[in-house]
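With the sequence shown counted from 1, adding 131 to any position gets you the working numbering.
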Amino acid sequence: MRKEILTEQQTKLLPLIGKFSKDFGLVGGTAIALHIGHRESIDFDLFTVNKFDSGKIKRKITNDFNVEKVFVNEADEYTVLISGVKITFLHYPFNIEFKNNLDNVIKVADLLT
């Protein structure tokens with residue numbers, strides 16, 4: 132994994148991201164950049180096949196971090212800004228292969244998924 136594509140703020144948020152590793156996996160541009168290192172990342176997109184309660188996610192976040200802004204708070208999506216980093220939690224009802232792992236913190240989607 133090309134961890135150098137993460138900003139300093141994202142790196143500081145990895146312990147928070149790890150709190151969701153049981154149910155969520157990292158996808159999107161950040162996942163691709165971690166594989167090939169083609170650009171710096173700006174956000175975290177976390178997907179799960181399971182339905183989730185955004186209130187539980189918020190409580191887990193606010194134990195250690197401040198939510199600066201809530202962009203989306205709906206049944207299948209919770210998108211927030213924390214320490215200047217946008218984080219999206221999304222229910223995605225299709226299987227994604229997570230064959231990789233970022234520093235034993237979070238599962239990372241396979242490039243071919």
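Glycine included, every Cβ here is placed at the ideal spot set by N, Cα and C.
All of these numbers come straight from a predicted model, not from anything done at the bench.
For residue i, the three-state DSSP class (helix, strand or coil)
| i | result |
| --- | --- |
| G149 | helix |
| G159 | helix |
| L144 | helix |
| H169 | coil |
Chain-order list of residues whose beta-carbon lies under 8 Å from that of residue i (same chain, five-residue window excluded)
| i | result |
| --- | --- |
| P146 | D195, V236 |
Within 8 Å, strictly: CB atoms of residue i and residue j
| i | j | result |
| --- | --- | --- |
| L242 | I163 | yes |
| D174 | L157 | no |
| S172 | Q140 | no |
| F183 | Y223 | no |
| L144 | V239 | no |
| Y209 | I188 | yes |
| M132 | N231 | yes |
| D234 | K134 | yes |
For residue i: DSSP bridge partner residues
| i | result |
| --- | --- |
| T179 | H222 |
| T210 | V203, T219 |
| L233 | I237 |
| D273 | This structure does not reach residue 273, given that the chain is present from 132 up to 244, and the question cannot be answered. |
7 Å CB neighbourhood of residue i in its chain, flanking five on each side removed
| i | result |
| --- | --- |
| T161 | S172, D174, F175, D176 |
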